[in-house]
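Visitor:
In the UniProt record's numbering, the protein residues as written are 1 to 274.
1. Does residue 111 come out as helix, strand or coil in the three-state DSSP assignment?
2. Could you tell me which of 204, 209, 225, 190 sits nearest to residue 243, measuring between CA atoms?
3. Look up residue 53 in the DSSP assignment and say whether it is helix, strand or coil.
4. When the Cα atoms are used, what is the spatial distance from residue 140 to residue 102?
5. Give me the Cα-Cα distance between residue 62 and residue 93, rounded to the nearest whole angstrom.
6. Can you tell me whether residue 172 is buried or exposed? The criterion is at least 16 other CB atoms within 10 Å of its CB, across all chains shown.
7. Using a threshold of 9 angstroms, state whether the C-beta atoms of residue 222 and residue 199 are closer than that.
8. Report the residue from 60, 21, 145 whose alpha carbon sits nearest the alpha carbon of residue 115.
9. For residue 232, which residues of its own chain have a beta-carbon under 6 angstroms away from its beta-carbon, when the five flanking residues on both sides are left out?
10. Going by C-alpha distance, which of 184, 186, 74, 64 is nearest residue 90?
11. Can you look up residue 273 in the DSSP assignment and give me helix, strand or coil?
12. For residue 149, report the span of its alpha helix (DSSP H) as first-last.
13. Keeping to the same chain, check which residues put their C-beta closer than 6 angstroms to that of residue 128; ignore five residues upstream and five downstream.
14. Sort 183, 122, 170, 130 by Cα distance to residue 143 and report the nearest one.
15. According to DSSP, is residue 183 part of a helix, a strand, or is it coil?
16. Do you know offhand how far residue 25's Cα is from residue 100's?
17. Whose C-alpha, out of 87, 195, 113, 37, is nearest the C-alpha of residue 166?
18. Verify the CB distance criterion: does residue 22 have a CB-CB separation below 9 angstroms to chain D?
19. Let me know the secondary structure DSSP gives residue 80 once reduced to three states.
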C-alpha cells in the first residue's frame, strides 16, 4: 500500500509478483488501488489493475477507487479505471449517494467530467439531497465544471434537488456570480428557466432579494427574471427588496423590469387579438 501511495511502480510490481493481494483493505477500508487512485499514481494504478483487482471495493465512506481518482485535475487515473469498468458501474454511489461525476463537479476537475460523460455517466443521478453533479458546481468560483456540464448535458440546468432548487438557485444563495452567469448564458443548448420555483415557490430572484444580494438581483433582472412571481406566502421579489432595503439603484432596476415586462405582455396580447 505504501508503495502505491509513493508512486513506486517498481515496488508495486515486485510485491504483486511475490503474491501480495491488491484487494487487502486497511483500517479505512481502502485497498492499494484506492491509495494509488487518491495519490494520482497512475503508473502504479495501471500495474495493480493489470492483476484484475476488485475495482468496486468500497472504503468506510462507501467510495470506490473511481470516486477517489476524481480529485486530480489529470484524467489519467479515471481513464485507467474506466477501461476495466462496465457502463452501469460508472454510476456507483458512496454513502452520501454521490457518484464519481458528483465528485468531479465538487472537485472542479473538468477533464474527469469529460471522460466520465463520454463513457456514459448519468447526470440525472442524484445524491442524498437530490442534487445532481451540476448542483455541486454552485460552490466553485471557477465556473469551468458548470460550463462543461451545460455543454454535455444541457437539460441538467433545470433539474431540481429535494427542496425544488435548481443549480441557479444554489449559485444565487451562495452568491456565486461566475457560476450563475454561466448557467444563464445559454451554453450549448442549455436554456435556464429563470421562473423555476422551489418548494416555497421562490425563484432565484426571490432568494437574491431575500438575502439582500443587490449584485445578484441586478444580474437576474438584466437577464429577464420576473419581479412579480409570487412565493408560497404571496410575496414577490419586489416585496423582499423593499423589506430588506436594497439600494435605490436596484429598486430602479425593479421598476425598469416591471415596465419592460408590462410592455412585453401588451405586445403579446395585441398579437393574439390580430
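All residues carry an ideal CB built from backbone N, CA and C; glycine is no exception.
This one's a predicted model, so the numbers in the text were calculated from it and none came from an experiment.
Guide: On the basis of the coordinates in this document:
1. Residue numbering aside, residue 111 sits at position 111 when the chain shown is read from its first letter. Residue state for residue 111 is assigned as helix, using DSSP reduced to three classes.
2. Your numbering for residue 243 matches position 243 in the chain shown. Closest by alpha carbon: 209.
3. Against the chain shown, residue 53 aligns to sequence position 53. Residue 53 falls in the coil class under three-state DSSP.
4. Numbered from 1 along the chain shown, position 140 holds the residue referred to as residue 140. Numbered from 1 along the chain shown, position 102 holds the residue referred to as residue 102. Each residue's CA atom was taken as its position, placing residue 140 and residue 102 some 13 angstroms apart.
5. By 1-based counting over the chain shown, the position of residue 62 is 62. By 1-based counting over the chain shown, the position of residue 93 is 93. Approximately 7 angstroms between the Cα atoms of the pair.
6. The residue labelled residue 172 in the question sits at position 172 within the chain shown. Per the 10 Å Cβ criterion, buried.
7. The residue labelled residue 222 in the question sits at position 222 within the chain shown. The residue labelled residue 199 in the question sits at position 199 within the chain shown. Annotated as distal: residue 222 and residue 199, with beta-carbon spacing of 9 angstroms or more.
8. Looking up residue 115 in the chain shown gives position 115. When only C-alpha atoms are compared, the closest one is 145.
9. One-based indexing of the chain shown puts residue 232 at position 232. 200, 201, listed in sequence order.
10. The residue labelled residue 90 in the question sits at position 90 within the chain shown. Nearest option by C-alpha distance: 64.
11. Locating residue 273 in the chain shown gives position 273, counting from the first residue. Its pLDDT being 44, under 50, residue 273 is placed unreliably in this model, and the coordinates cannot settle the point.
12. Taking the chain shown and counting its residues from 1, the one referred to as residue 149 is at position 149. Per DSSP, residue 149 belongs to the alpha helix (DSSP H) from 144-152.
13. Taking the chain shown and counting its residues from 1, the one referred to as residue 128 is at position 128. Sequence-distant Cβ neighbours of residue 128 in its own chain, meaning closer than 6 angstroms and more than five residues away, are 96, 97.
14. Taking the first residue of the chain shown as 1, we reach residue 143 at position 143. For residue 143, the nearest C-alpha among the options comes from 183.
15. Position 183 of the chain shown, counted from the start, is the residue given in the question as residue 183. Helix at residue 183.
16. Translated into the one-based positions of the chain shown, residue 25 becomes position 25. Translated into the one-based positions of the chain shown, residue 100 becomes position 100. One C-alpha to the other measures close to 21 angstroms.
17. Here residue 166 is taken as the residue at index 166 of the chain shown, counted from 1. Nearest of 87, 195, 113, 37 to residue 166, Cα basis: 195.
18. Checking the listed chains, one finds no chain D in this structure; it contains a single protein chain.
19. The sequence position of residue 80 within the chain shown is 80, counting from 1. If DSSP states are grouped into helix, strand and coil, residue 80 belongs with the helices.
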